[in-house]
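Protein chains in written order, with the working numbering: chain A, -7 to 319; chain B, 2 to 434.
Glycine is no exception: its CB is placed at the ideal position from the N, C-alpha and C atoms.
Since the structure comes first, as structure tokens, the remarks are kept for the end.
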Amino acid sequence: MTTLTLARALNEGLRRALEDDPKVLIMGEDVGKLGGVFRITDRLQKDFGENRVVDTPLAESGIVGTAIGLALRGYRPVCEIQFDGFVYPAFNQIVSQLAKMRYRSRGQVALPVVIRIPFGGGIGAVEHHSESPEAHFAHTAGLRVVACSAAPDAFMMIQQAIRSDDPVIFFEPKRRYWDKADVDIAASAADALPLEAARTVAEGTDLTLLAYGPMVKVAMGAAAAAREDGRSIEVIDLRSLSPLDMTTVTASVRRTGRCVVTHEAPVFGGLGAEIAARVTEECFYSLESPVLRAGGFSTPYPPSRLEEHYLPDLDRVLDAVDRAFGY
Amino acid sequence: MSVETGGSSAAQEVMPAPLASAPAAAAGLPPEAGAPEELIQLLTPEGERVEHPDYPLDISARELQRLYRDLVLVRRMDTEAIALQRQGELGLWASLLGQEAAQIGSGRALGPRDMAFPTYREHGVAWCRGVDPIKLLELFRGVSHGGWDPAEHNFHLYTIVIGSQTLHATGYAMGIQRDGATGDGGETGEAVIAYFGDGATSQGDVNESFVWASVFNAPVVFFCQNNQWAISEPLERQSRIPLYQRSRGFGFPGLRVDGNDVLACLAVTRAALRAAREGQGPTLIEAFTYRMGAHTTTDDPTRYRLAGDLEAWKLRDPIERVKAYLVRSGAADTSFFDEVDAEAGRLGAWLREACRSMPDPSPRSGFEHVYAGPHPVIDAERDAYAAYLDSFDDAPDGTPGGPPCGGPPGEPSLPAVAQARGTGGFGRSGEAR
Chain A
-7 MTTLTLARAL
3 NEGLRRALED
13 DPKVLIMGED
23 VGKLGGVFRI
33 TDRLQKDFGE
43 NRVVDTPLAE
53 SGIVGTAIGL
63 ALRGYRPVCE
73 IQFDGFVYPA
83 FNQIVSQLAK
93 MRYRSRGQVA
103 LPVVIRIPFG
113 GGIGAVEHHS
123 ESPEAHFAHT
133 AGLRVVACSA
143 APDAFMMIQQ
153 AIRSDDPVIF
163 FEPKRRYWDK
173 ADVDIAASAA
183 DALPLEAART
193 VAEGTDLTLL
203 AYGPMVKVAM
213 GAAAAAREDG
223 RSIEVIDLRS
233 LSPLDMTTVT
243 ASVRRTGRCV
253 VTHEAPVFGG
263 LGAEIAARVT
273 EECFYSLESP
283 VLRAGGFSTP
293 YPPSRLEEHY
303 LPDLDRVLDA
313 VDRAFGY
Chain B
2 MSVETGGSSA
12 AQEVMPAPLA
22 SAPAAAAGLP
32 PEAGAPEELI
42 QLLTPEGERV
52 EHPDYPLDIS
62 ARELQRLYRD
72 LVLVRRMDTE
82 AIALQRQGEL
92 GLWASLLGQE
102 AAQIGSGRAL
112 GPRDMAFPTY
122 REHGVAWCRG
132 VDPIKLLELF
142 RGVSHGGWDP
152 AEHNFHLYTI
162 VIGSQTLHAT
172 GYAMGIQRDG
182 ATGDGGETGE
192 AVIAYFGDGA
202 TSQGDVNESF
212 VWASVFNAPV
222 VFFCQNNQWA
232 ISEPLERQSR
242 IPLYQRSRGF
252 GFPGLRVDGN
262 DVLACLAVTR
272 AALRAAREGQ
282 GPTLIEAFTY
292 RMGAHTTTDD
302 PTRYRLAGDL
312 EAWKLRDPIE
322 RVKAYLVRSG
332 AADTSFFDEV
342 DAEAGRLGAW
352 LREACRSMPD
362 PSPRSGFEHV
372 YAGPHPVIDA
382 ERDAYAAYLD
392 SFDDAPDGTP
402 GGPPCGGPPG
412 EPSLPAVAQA
422 RGTGGFGRSG
432 EAR
């Protein structure tokens, strides 16, 4: 075991992928000499060369569009979008091209492209640097959407995403980049939990709390606090947002009878809405209360001096838990 | 024989004049086509062969005949497809009328290993790449989104969102570089051609692809068919300078070729592909042509352009000049033209029959190939919809192919009832109620 930050775990995972498959490429703004603004690709260009770790011109549509062309040629590009709010110039290429080309070609074309996006708030950033745009992509057929929450998963999931024959939108919780954990960097990604599987990170009997990305840590804190009140909360790290691992979720909710979903993204039209609908449909006779959501407000992401109010914190998650027990 | 270029003068009155004073036009082309030294032409609209110092073209009578045959057959394919749309057999058709020379000239310039990235109008290039024309009709009939294998033909799927494919082409070219596959310039090497139109030059993706191709020196040829119209918007709404000059700002050469001259398009594209394979990077080719038909079958060009323009461009027809040259040079006789006409007739008849007898896809097929493997949501929706269809009284038990969604993939499984109604697919359920 090696103690790594989440950022470094991603770096090690990328390094492993570059070593394992000569077709893997990294492309993005500042990913080369600088190693990326968050240093996720630190030293990779030095070790793998400019042909494999490519500092691109500054245009997101161009990054994704040329990655599609490279994938058509047999490469497995990993694109870095510098910040969540910068992905929209590439939206057409992602939604209309990357997601749909397999379907358009009736399975004759595969586009194994990974798009890494640091997402979420909590770092005191300026506008467009704290967003959670995952629902846009989860709503798009043809994409896989995943979010890692901690270093061990980050190391494995980035390798699994690169091996996927489907395009993967890979969300990285930027405010957790510096969180450390023990990572087994000798382990094989082939033995890891499948990319589309959720993980139960804390077992409990009274309520199922669903989270992903940066909110998993908050959810764990909420579960620990609730335990002091005598409530046993099961926390599930969804990991995959499309497809959702509803098997794990519904099995848990049938046992606990209550469900709260939390994410930083606005609750309106967010992942929580889809999960609530599915849990209600599949677990109706097991539910003691409606599925509740604790998320960002349905406003644009506010100036950073307000973000502590916008982001669902431990107290707001616990408030939702309390409400669930109030029925 | 001289051709009046005044046909466009009426249009000039209502459009802003070009910024640069237009010099005397190249033979048979409107003033905005530019001076002879600006516009590359090897065959005049009257069918006279002219030489260009930079683009010598040694072409045999047999090759000329082949080009003529290509031009006639793709025009016939196009005419037939428009008719099929009018008869309700196709949902839409994007006509290539007037652009045959640009497409056949550039398409026949491609080496077997070169890769082409088309728009949705490149039926002539598809023809050159050996794509079954019926696959094009499939797309416009609504049976598929494009049924050919891009790798088999080195011809990518049609891209409908304007300009998106230029980035794919550039990325593909970067892959060729990484594979060390450009070769030494000959046809054993590989290069890419990206097709787009004058409207697309305003798109960010096209400009980004110019940046990428330039800074990475990618082996890609940007082939812009300037057909003067982006649906209803004239070129003046896209650019204040000739499009071929755009490339200068990006740092690579641009050329303007008579897009209705199949020989010039062939020679210029061949040279640009060779330069790309030799490591000289990208070239922008502006094929100066004219969309003689509507944008698509839903369009009505009489609302926005003058009939006189079309009449003037008819005198610059891409096929007539080849025919005139073949006759004048003695490279073909009447029997050759008769045979090509007869072949075109056979092609038309075959297309009509093949289009009309094309079955609708099975309802199940709409759920396939979204992802590489099984998917919990899509699989569940597919199964639920199959059960829903099966719940109707006229569920086709015992009909060939079994239940509509229940059969194994690939088997014909359209309900016989639905097929007889000419419906089937996703529109059926409402009708069955």
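**Report entry** Under 8 angstroms (Cβ pairs) to chain B, residues found in the segment 97 to 114 of chain A
**Finding:** Answer set for the segment 97 to 114 of chain A: S97, R98, G99, Q100, V101, A102.
Query - Proximal residues of chain B, C-beta to C-beta of D158(A) below 7 angstroms - result: To locate residue 158(A), count along the first sequence from 1; it is residue 166. When 7 angstroms is used as the limit between beta carbons, D158(A) is near these residues of chain B: Y372, A373, in chain order.
Query raised in the report: What alpha helix (DSSP H) runs, 4 residues minimum, are completely inside the segment 8 to 44 of chain A?
Result: Correct list: 36 to 40.
Requested in this report: Could you list which residues in chain B have their beta carbon closer than 9 angstroms to that of G66(A), in chain order?
Outcome: Position 74 of the first sequence, counted from the start, is the residue given in the question as residue 66(A). Residues of chain B passing the Cβ test: G176, D180.
Query - Close-in-space but distant-in-sequence residues of the same chain around A316(A) (CB under 7 angstroms, 5 per side omitted) - result: In the first sequence, counting from the first residue as 1, residue 316(A) sits at position 324. Cβ neighbours of A316(A) beyond the five flanking positions: L199, R250, V252, S281, L284.
Query - Beta bridge counterpart(s) of L284(A) as assigned by DSSP - result: Position 292 of the first sequence, counted from the first residue, corresponds to residue 284(A). Note: L284(A) sits in a beta bridge opposite V252(A).
Report task. Say whether chain B places a C-beta atom closer than 8 angstroms to the C-beta of S53(A). Result -> On the first sequence, residue 53(A) is found 61 positions in, with the first residue counted as 1. Any Cβ of chain B closer than 8 angstroms to the Cβ of S53(A) would place that residue at the interface, and such an atom is present.
Query raised in the report: Within the 8 angstroms Cβ cut-off, does S232(A) reach chain B?
Result: Taking the first sequence and counting its residues from 1, one reaches residue 232(A) at position 240. So no, S232(A) is outside the interface.
Query - Short CB-CB distance (under 8 angstroms) between P49(A) and chain B - result: For the purposes of this step, residue 49(A) is taken as residue 57 along the first sequence, with counting starting at 1. Between P49(A) and chain B, the shortest Cβ-Cβ separation is below 8 angstroms.
**Report entry** Buried or exposed (CB count within 10 angstroms, at least 16 for buried), P304(A)
**Finding:** One-based indexing of the first sequence puts residue 304(A) at position 312. By the 10 Å Cβ count, P304(A) comes out buried.
Query raised in the report: For Q246(B), which residues from the same chain have a beta carbon less than 7 angstroms from its beta carbon, with the 5 sequence-adjacent residues on both sides left out?
Result: Against the second sequence, residue 246(B) aligns to sequence position 245. In its chain, beyond the 5 residues on either side, G255 have a beta carbon closer than 7 angstroms to the beta carbon of Q246(B).
Query raised in the report: Within 8 angstroms (strictly less), CB to CB, does G196(A) reach chain B?
Result: As a working note, residue 196(A) is residue 204 in the first sequence. Residue-level contact check: G196(A) does not touch chain B, since none of the beta carbons of chain B fall below 8 angstroms from its beta carbon.
Query raised in the report: DSSP three-state call for P258(A): helix, strand or coil?
Result: Against the first sequence, residue 258(A) aligns to sequence position 266. DSSP places P258(A) within a strand segment (E or B) once states are collapsed to three.
Query raised in the report: Quick one: which chain B residues come within Cβ less than 9 angstroms of M149(A)?
Result: Looking up residue 149(A) in the first sequence gives position 157. Residues of chain B passing the Cβ test: none, with the nearest at roughly 17 angstroms.
Requested in this report: Could you name the residues of chain A that D206(B) contacts, counting a contact when the two beta carbons are closer than 7 angstroms?
Outcome: Residue mapping note: residue 206(B) aligns to position 205 of the second sequence, counting from 1. Chain A residues near D206(B): S53, G57.
Query - Reduced DSSP secondary structure (H/G/I, E/B, other) of Q229(B) - result: As a position in the second sequence, residue 229(B) is number 228, starting the count at 1. Three-state result, Q229(B): coil.
Query raised in the report: Among residues of its own chain, excluding the 5 on either side of W213(B), which ones have a beta-carbon nearer than 6 angstroms to its beta-carbon?
Result: Working through the second sequence from its first residue, we reach residue 213(B) at position 212. Counting only Cβ-Cβ distances below 6 angstroms, and skipping sequence neighbours, we find T171.
Query raised in the report: For the candidate residues Y302(A), M93(A), I177(A), H301(A), whose alpha-carbon lies nearest to that of A1(A)?
Result: Along the first sequence, read from residue 1 onward, the residue named residue 1(A) stands at position 9. Taking each of Y302(A), M93(A), I177(A), H301(A) in turn and checking the Cα distance to A1(A), the smallest one comes out for I177(A).
Requested in this report: Whole angstroms is fine: what's the gap from R108(A)'s alpha carbon to L135(A)'s?
Outcome: Position 116 of the first sequence, counting from 1, holds the residue named residue 108(A). Position 143 of the first sequence, counting from 1, holds the residue named residue 135(A). Computed Cα separation, rounded: 13 angstroms.
Query raised in the report: Is there a Cβ from chain B that is less than 8 angstroms from the Cβ of I18(A)?
Result: As a working note, residue 18(A) is residue 26 in the first sequence. With 8 angstroms as the cut-off, I18(A) does not count as an interface residue toward chain B.
Query raised in the report: Can you tell which of A51(A), M(-7)(A), D311(A), R98(A) has its C-alpha closest to the C-alpha of P144(A)?
Result: For the purposes of this step, residue 144(A) is taken as residue 152 along the first sequence, with counting starting at 1. The option with the nearest alpha carbon to P144(A) is M(-7)(A).
**Report entry** Distance, S141(A) Cα to D47(A) Cα
**Finding:** To locate residue 47(A), count along the first sequence from 1; it is residue 55. To locate residue 141(A), count along the first sequence from 1; it is residue 149. Straight-line Cα distance between these residues: approximately 27 angstroms.
Query raised in the report: In the segment 295 to 313 of chain B, which residues sit with their C-beta less than 9 angstroms from some C-beta in chain A, listed in chain order?
Result: Of all residues in the segment 295 to 313 of chain B, none has a C-beta nearer than 9 angstroms to a C-beta of chain A.
Report task. Counting only the same chain and skipping the five closest in sequence on each side, list residues whose C-beta sits under 8 angstroms from that of V210(A). Result -> Counting from one through the first sequence, the residue named residue 210(A) turns up at place 218. If we look at V210(A) and ignore the five residues flanking it on each side, its Cβ neighbours are A203, T254, P304, D305, L306, V309.
Query - First and last residue of the uninterrupted alpha helix (DSSP H) at M149(A) - result: Numbered from its first residue, the first sequence carries residue 149(A) at position 157. Taken as a continuous stretch (DSSP letters only), the alpha helix (DSSP H) holding M149(A) covers 143 to 155.
**Report entry** Segment contact, 8 angstroms Cβ cut-off, at least three pairs: the segment 358 to 374 of chain B with the segment 91 to 100 of chain A
**Finding:** These segments touch.
Report task. For my contact list, P165(A) and A139(A) are in at a C-beta cut-off of 8 angstroms; report their separation, rounded to the angstrom. Result -> Residue 165(A) sits at position 173 when you count from the first residue of the first sequence. Residue 139(A) sits at position 147 when you count from the first residue of the first sequence. About 7 angstroms separates the two Cβ atoms, so the contact holds.
Requested in this report: Kindly list, in the order they appear in chain B, the residues whose Cβ is closer than 7 angstroms to that of Y80(A).
Outcome: To locate residue 80(A), count along the first sequence from 1; it is residue 88. The contacting residues do not exist; Y80(A) stays about 12 angstroms from chain B at best.
Query raised in the report: For the segment 289 to 307 of chain B against the segment 62 to 78 of chain B, are there 3 or more C-beta pairs whose distance is under 8 angstroms?
Result: Because the criterion of three Cβ pairs below 8 angstroms is not met, the segment 289 to 307 of chain B and the segment 62 to 78 of chain B do not touch.
**Report entry** Spatial distance of T400(B) from N227(B) (CA atoms)
**Finding:** Counting from 1 along the second sequence, the entry for residue 400(B) is found at position 399. Counting from 1 along the second sequence, the entry for residue 227(B) is found at position 226. With a pLDDT of 43 at T400(B), under the threshold of 50, the modelled position of this residue cannot be trusted, and the question is left open.
Query - Closer than 7 angstroms at the beta carbon, the chain A residues around V328(B) - result: Along the second sequence, one-based indexing puts residue 328(B) at 327. Result: empty, since nearest Cβ-Cβ is about 44 angstroms, beyond 7 angstroms.
Query raised in the report: Interface residues of chain B around Y204(A) at Cβ under 7 angstroms?
Result: As a position in the first sequence, residue 204(A) is number 212, starting the count at 1. Here the premise fails: no neighbours, minimum Cβ distance about 17 angstroms.
Query raised in the report: Per DSSP, D176(A) forms a beta bridge with which residues?
Result: Indexing the first sequence from 1 puts residue 176(A) at position 184. D176(A) is not bridged by DSSP to any residue.
Query raised in the report: Would you call S336(B) buried or exposed, if buried means 16 or more other Cβ atoms sit within 10 Å of its Cβ?
Result: Here residue 336(B) refers to the residue found at position 335 of the second sequence. Of the other Cβ atoms in all chains shown, fewer than 16 fall within 10 Å of the Cβ of S336(B); this residue is therefore exposed.
Query raised in the report: Quick one: what's got a C-beta closer than 6 angstroms to A265(B)'s C-beta in the same chain, skipping five residues either side?
Result: As a position in the second sequence, residue 265(B) is number 264, starting the count at 1. Take A265(B), set aside five residues on each side of it, and the residues of its chain with a beta-carbon closer than 6 angstroms to its own are I41, Q42, L43, V258, D259, in chain order.
Query raised in the report: Comparing alpha-carbon positions, which option in R383(B), E81(B), V144(B), Q88(B) lies nearest D98(A)?
Result: For the purposes of this step, residue 98(A) is taken as the residue at position 106 of the first sequence. Here residue 98(A) turns out to be Arg, not Asp, going by the sequence shown. Selected option, being the one with the closest Cα: V144(B).
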